[in-house]
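Student:
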Amino acid sequence: MVGLARSGLAAIELLLDSGASVVAADLRAESALGPEAAALRQRGVELVLGEQHPSILEGVDLVVLSPGVPLDTPIPAAARERGVPMIGELELAYRASEGTWLAVTGTNGKTTTTALLGELVAATGRPVTVTGNIGLAASSEVRDVPKDGLVVAEVSSFQLDTADEFRPHVAVLLNITEDHLDRYDSFDHYAESKRRIFMNQTADDYAVLNVDDPRVASFADGIGARVIPVSTEREVPDGVFVRDGTIVSGVGGVEEEILEAKDLGVPGPHNLANALAAVAAASAVGVAAPEAAEVLRAFAPLEHRLEPVAEVDGVLYVNDSKATNVDAVGFALRSYDAPIVLVAGGREKDTDFSPLAGPVAERVRRLVLIGEAADKMERALEGLAPISRAGSLREAVVMARNAAAPGDVVLLSPACASFDMFDDFEDRGRKFKEEVARLGPRS
Numbered sequence: 002m003v004g005l006a007r008s009g010l011a012a013i014e015l016l017l018d019s020g021a022s023v024v025a026a027d028l029r030a031e032s033a034l035g036p037e038a039a040a041l042r043q044r045g046v047e048l049v050l051g052e053q054h055p056s057i058l059e060g061v062d063l064v065v066l067s068p069g070v071p072l073d074t075p076i077p078a079a080a081r082e083r084g085v086p087m088i089g090e091l092e093l094a095y096r097a098s099e100g101t102w103l104a105v106t107g108t109n110g111k112t113t114t115t116a117l118l119g120e121l122v123a124a125t126g127r128p129v130t131v132t133g134n135i136g137l138a139a140s141s142e143v144r145d146v147p148k149d150g151l152v153v154a155e156v157s158s159f160q161l162d163t164a165d166e167f168r169p170h171v172a173v174l175l176n177i178t179e180d181h182l183d184r185y186d187s188f189d190h191y192a193e194s195k196r197r198i199f200m201n202q203t204a205d206d207y208a209v210l211n212v213d214d215p216r217v218a219s220f221a222d223g224i225g226a227r228v229i230p231v232s233t234e235r236e237v238p239d240g241v242f243v244r245d246g247t248i249v250s251g252v253g254g255v256e257e258e259i260l261e262a263k264d265l266g267v268p269g270p271h272n273l274a275n276a277l278a279a280v281a282a283a284s285a286v287g288v289a290a291p292e293a294a295e296v297l298r299a300f301a302p303l304e305h306r307l308e309p310v311a312e313v314d315g316v317l318y319v320n321d322s323k324a325t326n327v328d329a330v331g332f333a334l335r336s337y338d339a340p341i342v343l344v345a346g347g348r349e350k351d352t353d354f355s356p357l358a359g360p361v362a363e364r365v366r367r368l369v370l371i372g373e374a375a376d377k378m379e380r381a382l383e384g385l386a387p388i389s390r391a392g393s394l395r396e397a398v399v400m401a402r403n404a405a406a407p408g409d410v411v412l413l414s415p416a417c418a419s420f421d422m423f424d425d426f427e428d429r430g431r432k433f434k435e436e437v438a439r440l441g442p443r444s
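The opening position of the sequence shown corresponds to residue 2 in the numbering used here, with each subsequent residue numbered one higher.
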């Protein structure tokens, strides 16, 4: 087992319970692992910590990778060279499960769509678990799902890179935009990783494609599954679309109106696209229009994803910390009609920030920049809106408050990873909410 973060630890538990002898490798020192190291040793796991050498593969029958471990690091590279079978934690969980899988991938919107799909398919009355990149790792969840149950999984490109037999009965591809170019050598390479979600599907399966995305639409001809197209821009045969402001399902050739788009429980045009994809996927396992409408109406924004935090002095504060790439921020900016004070920045991922020029010029009252990427973002967006620089998130929130007027939105939507200043995007979002809570009304 290479990588001892959440997914790796869950995989080890699954492997041990299956009777395997496990060697666990991680670049961190034992002090960084904390009590987990002692717990693993107590269960008979051999730990190889710090610098790793290919000799670790002696006597190994299978290598399992955590999603965060790049394939070009020493142990995966040595495993390929020696012909040692290698899979990821997602593949391990899939092989250990008996339920029917519905998997969601895409650059943006995966978590919201997965959570919404989980609530939709619960209407079937079958046992459901929602897992993957959302919540607990799949390896810790799938064994409790019976044969008639459903596994709804958020799936990343990193997980798909190490998939082999993985075959979801319903696979959803939401969009593909520039991201993770610090890990992939090109956009095409990244897109092909996303495409792998369909690689083992047959005519008995379903592929949900957002055909408003040209790259996603181009995959339709090469998929073995039955394709269900979704579009917010036009009517699509045998798909899910919007007509005169109403969500319509035409899956199976029979049209049903679901509900008016304005009645969705989550805001923004991107969430409308997410909802169409979730409805399409749910229809493939028998969720009817009335049940879908009820769930869509009640569904609320998830934490760190356009999450309303508070209204202070007539200004709405919104936590969109999960927006770690340019397209996600563009979607967020288009979700509000009010003027926006945007808090952005962090650790960039070889990112071109220039696509934000249009929405920033149109919608941003002031841009408050933090983190390592602040210089690069300022160069890309200078002159489009007034720009302030903050040395901390606390300072950024105060600057945003001073710049905002009643009726405005203060939006944390960083377009960057968080690791220069925070543990992860969740830590960044929680700290933003803490700083908002400190504001209180003006005296």
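Backbone N, C-alpha and C fix where the C-beta goes; we use that ideal spot for every residue, glycine too.
So residue 209 and residue 171 are supposed to be a Cβ contact under 8 Å. How far apart are they, rounded?
Tutor: Correct: roughly 7 Å between the Cβ atoms.
Student: Take every Cβ of the segment 93-102, pair it with every Cβ of the segment 156-169, and state whether three or more of those distances are shorter than 8 Å.
Tutor: Contact holds: three or more Cβ-Cβ distances are below 8 Å.
Student: Beta carbon of residue 125, beta carbon of residue 272: below 9 Å?
Tutor: No, these two residues do not count as a Cβ contact at 9 Å.
Student: Residues in the same chain with beta-carbon distance under 7 Å from residue 328, minus the five sequence neighbours each way, listed in chain order, please.
Tutor: Answer for residue 328: 108, 109 and 178, listed in chain order.
Student: Tell me the rounded alpha-carbon separation between residue 324 and residue 154.
Tutor: Those two C-alpha atoms are separated by around 20 Å.
Student: Can you check the segment 102-158 for any alpha helix (DSSP H) of at least 4 residues that lies completely inside it and give the ranges in chain order?
Tutor: List check, alpha helix (DSSP H) in window: 111-122.
Student: Within a Cβ cutoff of 8 Å, which residues of the same chain sit near residue 427, ignoring the five residues on either side of it in sequence?
Tutor: Cβ neighbours of residue 427 beyond the five flanking positions: 304, 305 and 322.
Student: Work out the CA separation of residue 102 and residue 68 for me, nearest whole Å.
Tutor: About 19 Å.
Student: Could I get the ranges of all uninterrupted beta strand (DSSP E) runs contained in the segment 330-374, with 3 residues as the minimum, in chain order?
Tutor: Qualifying beta strand (DSSP E) stretches, in chain order: 341-346 and 365-371.
Student: Can you tell me which of the three DSSP states residue 14 falls into?
Tutor: Helix at residue 14.
Student: Thinking C-alpha only, which one of 380, 185, 431 and 242 is nearest residue 211?
Tutor: Residue 211 has its Cα closest to that of 242, out of 380, 185, 431 and 242.
Student: In or out: residue 409 buried (at least 16 other Cβ within 10 Å) or exposed?
Tutor: When all chains shown are included, residue 409 counts as buried.
Student: Just how far apart, CA to CA, sit residue 363 and residue 435?
Tutor: So the alpha carbons of these two residues sit roughly 29 Å apart.
Student: Go through the segment 214-242 residue by residue and report every complete run of the beta strand (DSSP E) that reaches 3 residues or more, in order.
Tutor: Whole beta strand (DSSP E) segments, 3+ residues: 227-232.
Student: To the nearest angstrom, how far is the alpha carbon of residue 123 from that of residue 299?
Tutor: Cα-Cα distance, rounded: 14 Å.
Student: Can you list, in chain order, the residues of its chain whose CB lies under 6 Å from that of residue 46, leaving out five sequence neighbours each side?
Tutor: Correct list, in chain order: 23 and 25.
Student: Give the straight-line distance between the Cα atoms of residue 359 and residue 238, rounded to the nearest whole angstrom.
Tutor: Each residue's alpha carbon lies about 33 Å from the other.
Student: Mind listing, in chain order, the continuous alpha helix (DSSP H) runs of no fewer than 4 residues lying wholly within the segment 241-289?
Tutor: Listed in chain order, the complete alpha helix (DSSP H) runs (minimum 4 residues) inside the segment 241-289 are 270-284.
Student: Do you know offhand how far residue 115's Cα is from residue 6's?
Tutor: Answer to the nearest angstrom: the Cα atoms are 22 Å apart.
Student: Identify whether residue 207 lies in helix, strand or coil by the three-state DSSP scheme.
Tutor: It is a strand residue.
Student: At which residues does the alpha helix (DSSP H) containing residue 22 begin and terminate?
Tutor: That residue, residue 22, is in no alpha helix (DSSP H); it is neither H nor E in DSSP.
Student: Flag this pair as yes or no: are the beta carbons of residue 413 and residue 386 separated by less than 9 Å?
Tutor: No. Outside cutoff.
Student: Thinking C-beta only, is residue 333 closer than 9 Å to residue 307?
Tutor: Contact: yes.
Student: Taking three-plus beta-carbon pairs below 8 Å as touching, is the segment 367-383 in contact with the segment 345-354?
Tutor: Touching, yes.
Student: Specify, as a first and last residue, the run of the beta strand (DSSP E) that residue 390 falls within.
Tutor: Residues 388-390.
Student: Return helix, strand or coil for residue 36, following the three-state DSSP convention.
Tutor: Helix, per DSSP.
Student: Taking the DSSP output, what are the residues bridged to residue 411?
Tutor: Its beta-bridge partners are 318 and 342.
Student: For the segment 263-282 against the segment 334-344, do three or more pairs of beta-carbon atoms, one drawn from each stretch, fall closer than 8 Å, so that the two count as touching?
Tutor: Short answer: they touch.
Student: Tell me the rounded alpha-carbon separation between residue 240 and residue 268.
Tutor: Residue 240 and residue 268: Cα-Cα distance of roughly 22 Å.
Student: Is the beta carbon of residue 129 sitting closer than 9 Å to the one on residue 156?
Tutor: In this structure, residue 156 does not lie closer than 9 Å to residue 129 by Cβ.
Student: With C-beta atoms as the reference, is residue 141 less than 9 Å away from residue 37?
Tutor: Cβ distance not < 9 Å, so residue 141 and residue 37 don't count as in contact.
Student: Relative to the C-alpha of residue 198, which candidate in 366, 232 and 160 has its C-alpha closest?
Tutor: The candidate whose alpha carbon is nearest that of residue 198 is 160.
Student: Taking Cβ positions, are residue 314 and residue 442 nearer each other than 9 Å?
Tutor: Going by C-beta atoms, residue 314 is nearer than 9 Å to residue 442.
Student: Buried or exposed: residue 226, going by 16 or more other Cβ atoms within 10 Å of its Cβ?
Tutor: Looking at its Cβ environment, which holds 16 or more other Cβ atoms inside 10 Å, residue 226 is buried.
Student: Out of 346, 397, 401 and 395, state which residue places its alpha-carbon closest to the alpha-carbon of residue 379.
Tutor: Minimum Cα distance to residue 379 is reached at 346.
Student: Between which two residues does the alpha helix (DSSP H) carrying residue 311 extend?
Tutor: Where residue 311 is concerned, there is no enclosing alpha helix (DSSP H), although the beta strand (DSSP E) it sits in stretches over 308-313.
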